[in-house]
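What follows is a single structure, written as structure tokens, with notes after it.
There are 2 protein chains.
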Amino acid sequence: MKLLQDRILSQGQVRPGNVLKVDCFLNHQLDVELLDQIGAEFHRIFEKDGINKILTIEASGIAIACMTARHFNVPVVFAKKAKSKNIDGDVYTSTVHSYTYGRDYDITLAQKFLGPEDRVLILDDFLANGKAMRGLLDVCKQAGATVAGIGICIEKGFQPGGDELRAEGYKLASLAIVDSMDDDGHITFRPCTY
Amino acid sequence: MKLLQDRILSQGQVRPGNVLKVDCFLNHQLDVELLDQIGAEFHRIFEKDGINKILTIEASGIAIACMTARHFNVPVVFAKKAKSKNIDGDVYTSTVHSYTYGRDYDITLAQKFLGPEDRVLILDDFLANGKAMRGLLDVCKQAGATVAGIGICIEKGFQPGGDELRAEGYKLASLAIVDSMDDDGHITFRPCTY
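Protein chains in written order, with this note's numbering: chain G, 5 to 198; chain L, 5 to 198.
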């Protein structure tokens, strides 16, 4: 998606340790107009896949999921990273390792919100090693739900998560795939296939 | 807002300990059409207040903030509850006590996203004792930003947070104010003033 790639080139910041900061429009401050156009693009790619629910994980994914759900007219459900006293009843849980926060954490989803009748579009802002995505896929498997598609805003193509998911046959659409970036801020993108 | 109050009456669940569960449409599964109408209502109430930024706190507030920001055409910025390796530079921080999670936590906001030029609408899903809101107000004070309004989906009117903020002169609009609820599920709302 050229609009997103241009924004990454103009406002993204490369940090040591393969960190790409896009906090001024995607995951701290949110450019809602850009998110709406991202949602329209995900709808264009997945509109024929029978999506009836969008699944994401707090926190950054919620903005992308909501702005995309408007185009599909389906509900969003998001997995929680912390156990709340207010989650009761049966829950799906899966353990995820976060490189960003340097620890493992459990994600939780109330079972009543995901089941075998669901055809799910999983959305998130970043895909690198794919640890969080594996947790969301595990939750879908526990629910017996069908993963109809995976939509990612920015994939780090030099890390294995995305290519592993493609090799497994998932319909994975990443709107910007960063194949390389260096500490001088040079970023090269892989041509998009959708 | 009658639409939200009706939804609370039809789908909200009262739990012991003054817990009102609205996880099927507001803070776990998200009814995006309802959130869009909530955003339109916040715009109706605050459109003349010169809002140029919407501030919220992860995670549930992000959905409400994004769906409201569309109507104002302003950016959203959300305070983070966990310290990420990827937040660098100067940050505002404030300590908040969470009754839901039973602990204190620090909220963090990058200083570059909030300053004296901002007229802020603070949004969140719930207001009870107001501890999270105090943290967001503290961040605005540190930034020198003007708090032009506070918008809440569900206020627990039998807890002090909302009335304390009104007494301090804030323009606080709660779309549903629960004045009482009992374990039999009976809920009474305070008439809305906006």
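The beta carbon of each residue, even a glycine, is placed where N, CA and C say it ideally should be.
Discussion item. Is there a C-beta anywhere in chain G that falls below 8 Å from the one on residue 62 of chain L?
Written reply: To locate residue 62 of chain L, count along the second sequence from 1; it is residue 58. Output row for residue 62 of chain L: interface = yes.
Discussion item. Can you confirm whether residue 35 of chain L, when its beta carbon is compared against all beta carbons of chain G, has any partner nearer than 8 Å?
Written reply: To locate residue 35 of chain L, count along the second sequence from 1; it is residue 31. Chain G, which has a Cβ nearer than 8 Å to the Cβ of residue 35 of chain L, makes this yes.
Fill in: Where residue 143 of chain G falls: helix, strand or coil (DSSP)
Mapped onto the first sequence, residue 143 of chain G falls at position 139. Helix, per DSSP.
Worksheet item: By the criterion of Cβ-Cβ separation under 9 Å, what are the contact partners of residue 47 of chain L in chain G?
Response: The residue you call residue 47 of chain L lines up with position 43 of the second sequence. Correct list: empty, because the minimum Cβ distance to chain G is about 13 Å.
Discussion item. For a contact defined as C-beta to C-beta under 7 Å, what are the partners of residue 71 of chain L on chain G?
Written reply: Reading the second sequence from its first residue, position 67 is the one you call residue 71 of chain L. Neighbours of residue 71 of chain L on chain G, chain order: 70.
Practice prompt. Could you pull the start and end residues of the alpha helix (DSSP H) that residue 40 of chain G belongs to?
Written response: By 1-based counting over the first sequence, the position of residue 40 of chain G is 36. Run containing residue 40 of chain G: 36-50, per the alpha helix (DSSP H) assignment.
Discussion item. So that I know if they touch, is there some Cβ in chain L lying closer than 8 Å to that of residue 39 of chain G?
Written reply: Here the question's residue 39 of chain G lines up with position 35 in the first sequence. Yes, its Cβ sits closer than 8 Å to a Cβ of chain L.
Discussion item. Run through the DSSP bridge pairs and tell me what residue 163 of chain G is partnered with.
Written reply: As a first step, residue 163 of chain G is located in the first sequence; it is residue number 159 there, counting from the start. Answer by DSSP bridge pairing: none, since residue 163 of chain G is not bridged.
Worksheet item: What whole-angstrom Cβ distance do residue 82 of chain G and residue 69 of chain G have, given they're in contact under 8 Å?
Response: Here residue 82 of chain G refers to the residue found at position 78 when the first sequence is read from its first residue. Here residue 69 of chain G refers to the residue found at position 65 when the first sequence is read from its first residue. That pair is a contact at about 7 Å.
Discussion item. Checking 8 Å against the spacing of the C-beta atoms, do residue 126 of chain G and residue 60 of chain G come in under that value?
Written reply: Residue mapping note: residue 126 of chain G aligns to position 122 of the first sequence, counting from 1. Residue mapping note: residue 60 of chain G aligns to position 56 of the first sequence, counting from 1. Taking 8 Å as the Cβ cut-off, residue 126 of chain G and residue 60 of chain G qualify as a contacting pair.
Discussion item. Tell me which residue opens and which closes the alpha helix (DSSP H) that residue 73 of chain G is part of.
Written reply: Counting from one through the first sequence, the residue named residue 73 of chain G turns up at place 69. Its alpha helix (DSSP H) spans residues 64-76.
Discussion item. Rounded to whole angstroms, what is the Cα-Cα separation between residue 142 of chain G and residue 177 of chain G?
Written reply: Reading the first sequence from its first residue, position 138 is the one you call residue 142 of chain G. Reading the first sequence from its first residue, position 173 is the one you call residue 177 of chain G. If you take the alpha carbons of residue 142 of chain G and residue 177 of chain G, they lie about 19 Å apart.
Item to complete: Verify the CB distance criterion: does residue 11 of chain L have a CB-CB separation below 8 Å to chain G?
Response: As a working mapping, residue 11 of chain L is identified with position 7 in the second sequence. It does not: the Cβ of residue 11 of chain L has no partner Cβ on chain G nearer than 8 Å.
Fill in: Environment of residue 106 of chain G [buried if 16+ CB atoms lie within 10 Å]
As a first step, residue 106 of chain G is located in the first sequence; it is residue number 102 there, counting from the start. Flag for residue 106 of chain G reads exposed.
Discussion item. If distances are taken between C-alpha atoms only, which option among G/123, G/102, G/31, G/27 comes closest to residue 144 of chain G?
Written reply: Position 140 of the first sequence, counted from the start, is the residue given in the question as residue 144 of chain G. It is G/123.
Item to complete: Just confirm the distance between the C-beta atoms of residue 194 of chain G and residue 155 of chain G, as a whole number of angstroms; I'd bet it's less than 8 Å.
Response: Walking along the first sequence from the start, residue 194 of chain G turns up at place 190. Walking along the first sequence from the start, residue 155 of chain G turns up at place 151. That belief does not hold up - the Cβ atoms of residue 194 of chain G and residue 155 of chain G are roughly 16 Å apart, past 8 Å.
Discussion item. Quick check on DSSP: helix, strand or coil for residue 177 of chain G?
Written reply: Here the question's residue 177 of chain G lines up with position 173 in the first sequence. If DSSP states are grouped into helix, strand and coil, residue 177 of chain G belongs with the strands.
Discussion item. Does the region 62-77 of chain G come into contact with the region 94-101 of chain G, if we say contact requires no fewer than three beta-carbon pairs (one atom in each stretch) closer than 8 Å?
Written reply: no
Worksheet item: What does residue 101 of chain G pair with, by DSSP beta-bridge criteria?
Response: The count along the first sequence starts at 1 and reaches residue 101 of chain G at position 97. Answer by DSSP bridge pairing, in chain order: G/108.
Fill in: Min CB distance residue 79 of chain G to chain L below 8 Å
Working through the first sequence from its first residue, we reach residue 79 of chain G at position 75. Residue 79 of chain G counts as touching chain L.
Worksheet entry | CA nearest to the CA of residue 65 of chain L, picked from G/54, G/57, G/108, G/34 | Position 61 of the second sequence, counted from the start, is the residue given in the question as residue 65 of chain L. With distances taken between Cα atoms, residue 65 of chain L lies closest to G/34.
Worksheet item: For residue 67 of chain G, which residues of its own chain have a beta-carbon under 7 Å away from its beta-carbon, when the five flanking residues on both sides are left out?
Response: For the purposes of this step, residue 67 of chain G is identified with residue 63 of the first sequence, where counting begins at 1. Excluding sequence neighbours, residue 67 of chain G sits near 34, 39.
Worksheet entry | Simplified DSSP assignment, three categories, for residue 12 of chain G | Against the first sequence, residue 12 of chain G aligns to sequence position 8. Helix, per DSSP.
Worksheet entry | Closest Cα partner of residue 138 of chain L within the set L/114, L/174, L/115, L/118 | Taking the first residue of the second sequence as 1, we reach residue 138 of chain L at position 134. It is L/174.
Item to complete: Could you please give the first and the last residue of the uninterrupted beta strand (DSSP E) stretch that includes residue 82 of chain G?
Response: Numbered from 1 along the first sequence, position 78 holds the residue referred to as residue 82 of chain G. Note, residue 82 of chain G: beta strand (DSSP E), 80-83.
Practice prompt. Can you have a look at residue 121 of chain L and say buried or exposed, based on whether 16 or more other CB atoms are within 10 angstroms of its CB?
Written response: Numbered from its first residue, the second sequence carries residue 121 of chain L at position 117. Label assigned to residue 121 of chain L: exposed.
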